[in-house]
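Q:
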Amino acid sequence: MIHEKRVLLKNLGKINPASIDDYEKAGGYKAIRKALDMNHLLVIDEMMNSSLRGRGGAGFSTGLKNKFTSESCLRCEQKYLICNADEGEPGTFKDRIIMENDPHLLIEGMLIAAYAIGASKAFVYLRGEYYRSIDMVTLAIKTAREKGYIGSKIFGSDFSVDIEIRLGAGSYLCGEELTLLESMEGKRGYPRIKPPFPAEKGLFGYPTLVNNVETLATIPVIIAEGSEWYSKLGIPESPGTKIFTISGDVANPGFFEVEMGTTLRDIVYGLAGGIKDGKRLKAMLLGGAAGTFVDETVLDTPMAYDSLKEKGAVLGSGAIMVLDETRSILCMTQSILEFFKHECCGKCVPCRVGTDRLVRMIKDINRGNENRFTLEEMVDEAGYIAKTSLCPLGQSPIMPLASLQRYFNDQF
Amino acid sequence: MIKSTADIFSDFKGTEDDLIPVLQKVQENFGYLSQKSMMDVGRFLRIPTSKVWATATFYTQFRLKPIGEKHIMLCRGTACHVKGAPRILDEIELKLGITEGETSSDGKYSLESVACIGACGLAPCILINEDVKGRLTPKLVNKLFEDKERRDQDVE
Ligand SMILES: Cc1cc2nc3c(=O)[nH]c(=O)nc-3n(C[C@H](O)[C@H](O)[C@H](O)COP(=O)(O)O)c2cc1C
Ligand code: FES
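Chains as they are written, first to last, in the working numbering: chain A, 1 to 412; chain B, 1001 to 1156.
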């Protein structure tokens, strides 16, 4: 029988998330004190040694990102840390769970990361529709500031940092780190050309570190327990734990924190109670709209960045959407493609025209016309969009479509 | 209480990156962004009104027209879609006599759609002002918007 491994969510349901005292009684704000006693380079070393990979979807090494930002532009008088809490990938709500149930964990992680890179100003870029998360994080910042944990010379050290909330205004694309920066500067949410990366030239042209909520919430654990302890969790390729959010046709939809490398079978059948109403499994969509469809042959693959890649799948944000035998893959595909069309910012013509064309193609297939478009043509189209558009949104539609070709070609 | 734009501005430094937070505050106060308020914002931040307009029209959060007392946002995320969001939309449209993007003539209801709101475990769901209503069925929708006296009442 599989059990959850609650490392990030250890306080969930045990403390009052509105109380900073509760958090401290449970051992909170010890990691930041420990970090401040260490040289900031050692803090970064701990992150490197933990092999933590970013939980926002791309899975880039958190230690390296911190290192780059810390080393970049040593003469700059300003560096920024941004917590990406714009959680918009369909099917994903892990960040919301952290913010609503243990907001101080996130604040503590931000303080440590800000110290590591030398940022005196940090922002939480929070999804505007997450009303409860906004309340909880706002309160957490207020109480931490009152106690002197945020502000000048925190915990008796020489380090000063301020944290501020910015609310997203309803754009999925603004969760992408460079577009997020544009939006923070008050502009339309159009993507920027990379390079330069945020570590070199980020917010207002200064070195900026952008990390996901779950990534930042992991940092206090790594500092408190040590990177060696942390890296033994999970599997060597992807250490640690991960919060998966599961929705669709399962008996118990919800969120589960498990060690990396747990199989889909354990999550879907063990923790989420299997398929609802005794039906059969048809498909799972991993990683949200910018994710991949898989079938039951992937059930025994470890959920980890590289092992899923071998199966043509992605871990992404940790969203798992389950479809039973009665569901239509074609109908799902249409919903996903309509999502991309809606969220396309319109800057790159191939993406603007192409996402619209993909919707028309899938509608044509769904109508079942003779001479209808084929999945292969859609994959081609999505391939062109991916090659000719600037940002990762244009590079997304190919993901679900290519996975359909691999696993569900017979449905078209 | 409705403040004047000047009152709202006094909480900000007035740099260009304040644009979105300022617009959010203005909208929170007036319910929408009027042409006049956008001109005020431009003057305050020393940027052309056209730039204010450009940003305001990009983001789905901003509205250029007043909205109803009850702002209904239907989730069109994938989990909700699978669990029957299109039927819920039909039912709401039928019940309130408005289509997506419209406000009822009595100013009571506005209907919009929103991307996944992270309540997928409760799919299909809608937001009414700031409250999430989940596990909806057409029947529940019917109950939710039953009659004028009872329509404020919550369902489980
Ligand atoms: C279209 C798009 C939307 C994204 N949305 C989010 C998001 O809501 N939250 C998030 O943390 N990362 C999001 N990302 C990933 C970010 O660009 C970035 O990789 C991430 O914030 C880095 O944090 P990490 O290193 O901690 O994973 C998105 C990426 C793309 C392309
Ligand atoms: S898909 Fe509707 S809440 Fe996530």
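Every residue gets a Cβ at the ideal spot worked out from N, C-alpha and C, and that includes glycine.
What you are looking at is a predicted structure, and each value in this text was computed from that prediction instead of being measured.
1. Less than 7 Å separating the Cβ of residue 1080 of chain B from some heavy atom of ligand 2?
2. Can you tell me the Cβ-Cβ gap for residue 223 of chain A and residue 85 of chain A, rounded? I've got them flagged as a contact below 8 Å.
3. Is the beta carbon of residue 211 of chain A within less than 7 Å of some heavy atom of ligand 1?
4. Under three-state DSSP, which class holds residue 8 of chain A?
5. Only counting the same chain, and skipping five residues up and downstream in sequence, which positions put a Cβ closer than 8 Å to that of residue 409 of chain A?
6. Applying the 10 Å Cβ sphere with the 16-neighbour rule, what's the burial state of residue 43 of chain A?
7. By DSSP's criteria, residue 414 of chain A is part of a beta bridge. Which residues make up the other side?
8. Taking only the alpha-carbon atoms, compute the straight-line gap between residue 241 of chain A and residue 315 of chain A and give it to the nearest angstrom.
9. Would you say residue 1041 of chain B faces chain A, with C-beta separation under 8 Å as the test?
10. Would the stretch 104-121 of chain A and the stretch 267-280 of chain A be scored as touching if the rule is three or more Cβ pairs under 8 Å?
11. Taking 8 Å as the limit between beta carbons, can you name the residues of its chain near residue 1011 of chain B, skipping five residues before and five after?
12. Any Cβ of chain B within less than 8 Å of the Cβ of residue 389 of chain A?
13. Along the chain, where does the beta strand (DSSP E) containing residue 1122 of chain B start, and where does it finish?
14. Between the Cα of residue 328 of chain A and those of A:207, A:285 and A:347, spot the shortest distance and give me the residue it belongs to.
15. Any heavy atom of ligand 1 closer than 7 Å to the Cβ of residue 65 of chain A?
16. What does residue 1061 of chain B touch in chain A if you count any residue whose Cβ is under 9 Å from its own?
17. I'd like to confirm something about residue 188 of chain A: is its beta-carbon nearer than 7 Å to some heavy atom of ligand 1, or not?
18. Is there at least one non-hydrogen atom of ligand 2 closer than 7 Å to the beta-carbon of residue 1123 of chain B?
19. Output needed for residue 1100 of chain B: all residues of its chain with C-beta closer than 8 Å, excluding positions within five of it in sequence on either side, in chain order.
20. Based on the DSSP secondary-structure assignment, which residues constitute the bridge partners of residue 247 of chain A?
21. Helix, strand or coil: which one does DSSP assign to residue 3 of chain A?
22. Quick check: does the Cβ of residue 86 of chain A come within less than 7 Å of any heavy atom belonging to ligand 1?
23. Any heavy atom of ligand 1 closer than 7 Å to the CB of residue 56 of chain A?
24. Rank A:290, A:363 and A:295 by C-alpha distance to the C-alpha of residue 401 of chain A and give the top, closest one.
25. Assuming the contact rule is C-beta atoms closer than 8 Å, residue 17 of chain A and residue 103 of chain A should be a hit. Round their C-beta distance to whole Å, please.
26. When you measure from the CB of residue 305 of chain A to every non-hydrogen atom of ligand 1, does any distance come out below 7 Å?
27. When DSSP labels each residue in this structure, what does residue 220 of chain A get in the three-state scheme?
28. Between which two residues does the alpha helix (DSSP H) holding residue 1058 of chain B run?
29. If you count every other CB in all the chains shown that lies within 10 Å of the CB of residue 317 of chain A, and 16 or more means buried, which is it?
30. What residues of chain B sit near residue 253 of chain A, judged by a beta carbon separation below 9 Å?
31. State buried or exposed for residue 182 of chain A, treating a residue as buried only when at least 16 other CB atoms are found within 10 Å of its CB.
32. Could you tell me if the beta carbon of residue 89 of chain A falls within a distance shorter than 7 Å of some heavy atom in ligand 1?
33. To which residues of the same chain is residue 383 of chain A closer than 7 Å at the C-beta, ignoring the five residues directly before and after it?
34. With a cut-off of 8 Å, does the C-beta of residue 188 of chain A fall near any C-beta of chain B?
35. CB residue 54 of chain A to CB residue 288 of chain A, shorter than 8 Å?
36. Would the stretch 250-260 of chain A and the stretch 356-373 of chain A be scored as touching if the rule is three or more Cβ pairs under 8 Å?
A: To lay it out plainly:
1. Residue 1080 of chain B sits at position 80 when you count from the first residue of the second sequence. Yes, the Cβ of residue 1080 of chain B comes within 7 Å of a heavy atom of ligand 2.
2. On the first sequence, residue 223 of chain A is found 223 positions in, with the first residue counted as 1. On the first sequence, residue 85 of chain A is found 85 positions in, with the first residue counted as 1. Between residue 85 of chain A and residue 223 of chain A the Cβ distance is about 21 Å, and since that is not below 8 Å, they are no contact.
3. Sequence index remark: in the first sequence, residue 211 of chain A carries index 211 (1-based). Yes - ligand 1 has a heavy atom lying nearer than 7 Å to the Cβ of residue 211 of chain A.
4. Locating residue 8 of chain A in the first sequence gives position 8, counting from the first residue. Three-state result, residue 8 of chain A: coil.
5. Within the first sequence, residue 409 of chain A is the residue found at index 409, counting from 1. Excluding positions up to five away in sequence, the list reads 375.
6. Within the first sequence, numbered from 1, the residue matching residue 43 of chain A stands at position 43. Buried, by the Cβ-count rule.
7. Nothing can be reported for residue 414 of chain A, as the shown portion of chain A is limited to 1 through 412.
8. Along the first sequence, read from residue 1 onward, the residue named residue 241 of chain A stands at position 241. Along the first sequence, read from residue 1 onward, the residue named residue 315 of chain A stands at position 315. Going by the C-alpha atoms only, they are around 13 Å apart.
9. If you number the second sequence from 1, residue 1041 of chain B lands on position 41. No, residue 1041 of chain B lies away from the interface with chain A (no Cβ there is under 8 Å from its Cβ).
10. no
11. Walking along the second sequence from the start, residue 1011 of chain B turns up at place 11. Answer for residue 1011 of chain B: 1025, listed in chain order.
12. In the first sequence, the residue the question calls residue 389 of chain A occupies position 389. No, residue 389 of chain A lies away from the interface with chain B (no Cβ there is under 8 Å from its Cβ).
13. Within the second sequence, residue 1122 of chain B is the residue found at index 122, counting from 1. No beta strand (DSSP E) contains residue 1122 of chain B, which DSSP labels as neither H nor E.
14. Within the first sequence, residue 328 of chain A is the residue found at index 328, counting from 1. The shortest Cα separation from residue 328 of chain A among A:207, A:285 and A:347 belongs to A:285.
15. In the first sequence, the residue the question calls residue 65 of chain A occupies position 65. Yes - ligand 1 has a heavy atom lying nearer than 7 Å to the Cβ of residue 65 of chain A.
16. Position 61 of the second sequence, counting from 1, holds the residue named residue 1061 of chain B. 128, 129, 167, 168, 169, 170 and 171, listed in chain order.
17. Here the question's residue 188 of chain A lines up with position 188 in the first sequence. Residue 188 of chain A: no, Cβ never under 7 Å from ligand 1.
18. Your numbering for residue 1123 of chain B matches position 123 in the second sequence. The answer is yes for residue 1123 of chain B.
19. Within the second sequence, numbered from 1, the residue matching residue 1100 of chain B stands at position 100. Within the same chain, residue 1100 of chain B has close Cβ partners 1074, 1089, 1093, 1111, 1112 and 1113.
20. Numbered from its first residue, the first sequence carries residue 247 of chain A at position 247. Answer is A:321.
21. Translated into the one-based positions of the first sequence, residue 3 of chain A becomes position 3. Coil at residue 3 of chain A, not helix or strand.
22. As a first step, residue 86 of chain A is located in the first sequence; it is residue number 86 there, counting from the start. Residue 86 of chain A Cβ: within cutoff of ligand 1.
23. Working through the first sequence from its first residue, we reach residue 56 of chain A at position 56. Yes, the Cβ of residue 56 of chain A comes within 7 Å of a heavy atom of ligand 1.
24. If you number the first sequence from 1, residue 401 of chain A lands on position 401. Nearest option by C-alpha distance: A:290.
25. Sequence index remark: in the first sequence, residue 17 of chain A carries index 17 (1-based). Sequence index remark: in the first sequence, residue 103 of chain A carries index 103 (1-based). Confirmed, Cβ separation roughly 6 Å.
26. For the purposes of this step, residue 305 of chain A is taken as the residue at position 305 of the first sequence. It does not: the Cβ of residue 305 of chain A is nowhere closer than 7 Å to a heavy atom of ligand 1.
27. Counted from its first residue, the first sequence places residue 220 of chain A at position 220. Of the three classes helix, strand and coil, the one that applies to residue 220 of chain A here is helix, per DSSP.
28. Within the second sequence, the letter at position 58 stands for residue 1058 of chain B. Element bounds for residue 1058 of chain B: 1049-1058.
29. Here residue 317 of chain A refers to the residue found at position 317 of the first sequence. Buried: at least 16 other Cβ atoms inside 10 Å.
30. By one-based count along the first sequence, residue 253 of chain A stands at place 253. Near residue 253 of chain A (Cβ distances below 9 Å), the residues of chain B are 1079, 1120, 1121, 1122 and 1123.
31. Looking up residue 182 of chain A in the first sequence gives position 182. Buried, by the Cβ-count rule.
32. Position 89 of the first sequence, counted from the start, is the residue given in the question as residue 89 of chain A. Result yes, Cβ under 7 Å from ligand 1.
33. The count along the first sequence starts at 1 and reaches residue 383 of chain A at position 383. Correct list, in chain order: 398.
34. Along the first sequence, read from residue 1 onward, the residue named residue 188 of chain A stands at position 188. It does; some Cβ of chain B falls within 8 Å.
35. Numbered from its first residue, the first sequence carries residue 54 of chain A at position 54. Numbered from its first residue, the first sequence carries residue 288 of chain A at position 288. Not closer than 8 Å, so no.
36. no
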